[in-house]
Amino acid sequence: MAEPDLDPDTLEGFRRGDPAAQRRVFERYGDRVFSIALHFLRGDHAAAQDAAQEAFVRMFRAAPSFRRDSRLSTWLYRIVANTCLDELRRRRRIVLFGDLPREIHPTVAPAVPGALEAEVAAAVSLLSPKLRLAVLLRYFDDLSYDEMARALDCSPGTVASRLARAHAALATSLAHLNSGHPRAAHT
Amino acid sequence: MERLLRRLPVTPAPASLWDGIQAELHAPARPAPLARRPVRSPWLVAAALLFALVGGTAAGIVGRYGAPSRWTVERLAGAPAVGGNALAGTGDLATGQWLVTDSLSRARLRVGRLGTAEVGPGSRVRLERGGLTAHRLTVERGSLHAVIAAPPRLFFVQTPSALATDLGCAYTLEVDEAGTSRLHVTLGWVELRQGEAVSLVPSGLVAEVAVGGRPGTPYPVTFPDDARAALHRLDAGAGDGADLDRVLGALHAPSDNVTLRRESGITLWHLLQRVSPDLRERVYRRLAALSPPPPPLTRQGLLGLDRRMLERWRADLNPMWSEAAGPWWTRAARRLWEWMI
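If you read the protein sequences in the order shown, they are chains B and Y. Start counting the first sequence at 79; every next residue gets the next number (the working numbering). Start counting the second sequence at 12; every next residue gets the next number (the working numbering).
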């Protein structure tokens, strides 16, 4: 399957474990992977870095088994999703009672009170993990439902359902933007 | 909503992320974590449970049926003697001691928790050392009437001519001066053994065995004297067709009720294996008339004294008469039981 933004030589080098190819893959997806992890882990910068690092390391180590019948990004996001969920499970084992403190990353927290992006990010962080992952994959890399289904190991119907539920929840939590915020007209 | 979500900020990955990935990728291989093993192997747990089950069962059995080293003996009549001392009322018979009754004396032994054994006049009985649960007596002469309510193979009586093993029953065992034993079973059944030769004697039947001989064919207690003598000759391999006629004539007819037919059946079943080959066909026909051999038993196999077929036929006559014909697990349980006791 064709891989946008990655030439065949890079893909082949990636499969062989070539550091230069690995670097190009990281440059292509690093920011998105880190951002997904950051939003998923509610702005915990250190945890997001660990999760992103773990996801890339897993991917590079498993590169020889990568088959070209799927997109590298789909494969990578599947690893990212699993890594994030693993991290969440690990945290739940550590924090037996109550939720983790919500450390809001500067991009998530309303650095400037009322900033639209920060409010959206905060609303996303309140979604359940599965809905959160669906939203992040959908809107960070514009994956199709089929690609999301492969990344999340579920059916496209389930993806559609999760996105619909996420939209409904976000519409409620961001309803105030409709009434007062000037950018709410975009909703 | 979609436009709002597309405004989610993309945060640049920190520069240290790539360094961390490289460091992790090129780090020396970590020692493989110890394989996660269950703390306890399922087999170990199963073995422990089995051990606990067997051990608990054995402990329960020993607690319930443990053989005491001293048995209570009670005078019933006359002046029985224990260890050479006259017994007045109640006393103990210790392992190795003799209980002796004269022609007017009788005594009753308490066989642990299994039941009682009444010792008749003119008897010499000794308490033997048994196993954990084996209750053993020797009857040198005289008579003993045992009533046992316990699992099989806990009570054994040795005579000069045979070993009587209780299989859950009541019986009378008489031993004459020559050491010949006569066993009359009144309830349940008893195994009479001399070496490898065995007679299984069910309720209502009698079996005899002389010193040095093998346990005779069990016969109904109502057997006339001439038929009994003929049976002894057949058992000894000295009988002829006329002896067989007498025995068959004394047995219950196939038209009699099922209990009587079964009594005759067990006599014929033993006899089939003891008569000469030229008489065996007649015994087979009579037994087959009482209880046709079930499939897949064959006439040829039974006349050839195929052991498995014979056991299967005996089980068909009455399941209580056969242990060997049971399923494998009953045989295994029996062996385990015998090993434990």
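Positions of the beta carbon are idealized from the N, C-alpha and C atoms, including for glycine.
Below-8 Å beta-carbon distance, residue i vs any chain B residue
i: Y/A336; result: In this predicted model, Y/A336 has a pLDDT of only 44, less than 50, meaning its place in the structure is not dependable; the value taken from the coordinates is given anyway. Chain B, which has no Cβ nearer than 8 Å to the Cβ of Y/A336, makes this no.
i: Y/L143; result: no
i: Y/G31; result: yes
i: Y/L28; result: yes
i: Y/L125; result: no
i: Y/L60; result: no
i: Y/L55; result: no
i: Y/L165; result: no
Within chain Y, partners of residue i - CB distance below 9 Å
i: B/S113; result: L19, P20, V21, T22, P23 and A24
i: B/F104; result: A24, L28, W29 and I32
Residue-chain proximity (residue i, chain Y), Cβ-Cβ < 8 Å
i: B/V158; result: no
i: B/G91; result: no
i: B/Y223; result: no
i: B/F175; result: Bear in mind that the predicted position of B/F175 carries a pLDDT of just 39, short of 50, making it unreliable; the figure below should be weighed with that in mind. For B/F175, the answer is no, since every Cβ of chain Y falls outside 8 Å of its Cβ.
i: B/Y155; result: no
i: B/A249; result: yes
i: B/F134; result: yes
i: B/F138; result: yes
i: B/Q127; result: yes
i: B/A130; result: yes
i: B/V237; result: no
i: B/P191; result: Per-residue confidence for B/P191 stands at a pLDDT of 44, beneath the threshold of 50, marking its modelled position as unreliable; no derived number is given.
i: B/I182; result: For B/I182, the predicted structure reports a pLDDT of 38, less than 50, and the residue's modelled location is therefore unreliable. A value from the coordinates is still provided. Not an interface residue.
Run of the alpha helix (DSSP H) containing residue i, from where it starts to where it stops
i: B/E132; result: H123 to R139
i: B/P97; result: P97 to F118
i: Y/E219; result: Y/E219 -> not in any alpha helix (DSSP H); beta strand (DSSP E) instead, spanning L216 to V220.
i: Y/E151; result: Premise fails: Y/E151 lies in the beta strand (DSSP E), H146 to I159, not in any alpha helix (DSSP H).
i: B/F92; result: P86 to R94
i: Y/D103; result: First-last for Y/D103: T101 to A105, but that is the beta strand (DSSP E), not the alpha helix (DSSP H).
i: Y/L120; result: Not the alpha helix (DSSP H): Y/L120 falls in the beta strand (DSSP E), residues R117 to V122.
Under 8 Å between C-beta atoms of residue i and residue j
i: B/A125; j: B/T161; result: no
i: Y/L328; j: Y/G276; result: yes
i: Y/T106; j: Y/L138; result: yes
i: Y/V84; j: Y/L115; result: no
i: Y/A189; j: Y/V222; result: yes
i: Y/L203; j: Y/V209; result: yes
i: B/A229; j: B/L241; result: no
i: Y/R86; j: Y/A118; result: yes
i: Y/Y182; j: Y/V201; result: yes
i: Y/R291; j: Y/L262; result: no
i: Y/L198; j: Y/S214; result: yes
i: Y/L125; j: Y/V150; result: no
i: Y/R244; j: Y/D237; result: no
i: B/F218; j: B/S113; result: yes
i: B/E195; j: Y/L19; result: yes
i: Y/R319; j: Y/Y295; result: no
Residue i - containing beta strand (DSSP E), residue span
i: Y/G260; result: Y/G260 -> not in any beta strand (DSSP E); alpha helix (DSSP H) instead, spanning G252 to A261.
i: Y/E188; result: That residue, Y/E188, is in no beta strand (DSSP E); it is neither H nor E in DSSP.
i: Y/Q169; result: F166 to Q169
i: Y/S210; result: A208 to P213
i: Y/T309; result: Neither: Y/T309 is in no beta strand (DSSP E) and is coded neither H nor E.
Contact set for residue i: own chain, Cβ-Cβ below 6 Å, skip 5 residues either direction
i: B/V198; result: none
i: B/A246; result: none
i: Y/S192; result: T170, S172, A173, V186 and V220
i: Y/L155; result: A128, V130 and L184
i: Y/G102; result: V84 and V93
i: Y/L120; result: W82, V84 and A128
i: B/M226; result: L215 and V237
Under 7 Å from the C-beta of residue i: neighbouring residues of chain Y
i: B/D269; result: With chain B covering only 79 through 265, there is no way to say anything about residue 269 of chain B.
8 Å Cβ cut-off: residues of chain Y touching residue i
i: B/D109; result: V21, T22, P23 and A24
i: B/F218; result: L19 and V21
i: B/L116; result: T22
Cross-chain neighbours of residue i in chain B, by beta carbon under 9 Å
i: Y/L36; result: G95, P97, Q100, F134, V135, F138 and R139
Cβ neighbours of residue i in the same chain (closer than 8 Å, five flanking residues each side left out)
i: Y/A99; result: R86
i: B/F104; result: F134
i: B/R156; result: R228, A229, L230 and D231
i: B/A98; result: G91
Sequence-distant residues of its chain with Cβ nearer than 7 Å to residue i (five each side left out)
i: Y/R297; result: L259 and L279
i: B/Y107; result: S151 and L154
i: Y/H195; result: Y182, T183, V217 and V232
i: B/A201; result: L248, S251 and L252
heavy atom of the ligand HEM below 7 Å from residue i C-beta
i: Y/E274; result: The ligand HEM is not part of this structure, which contains no ligands at all.
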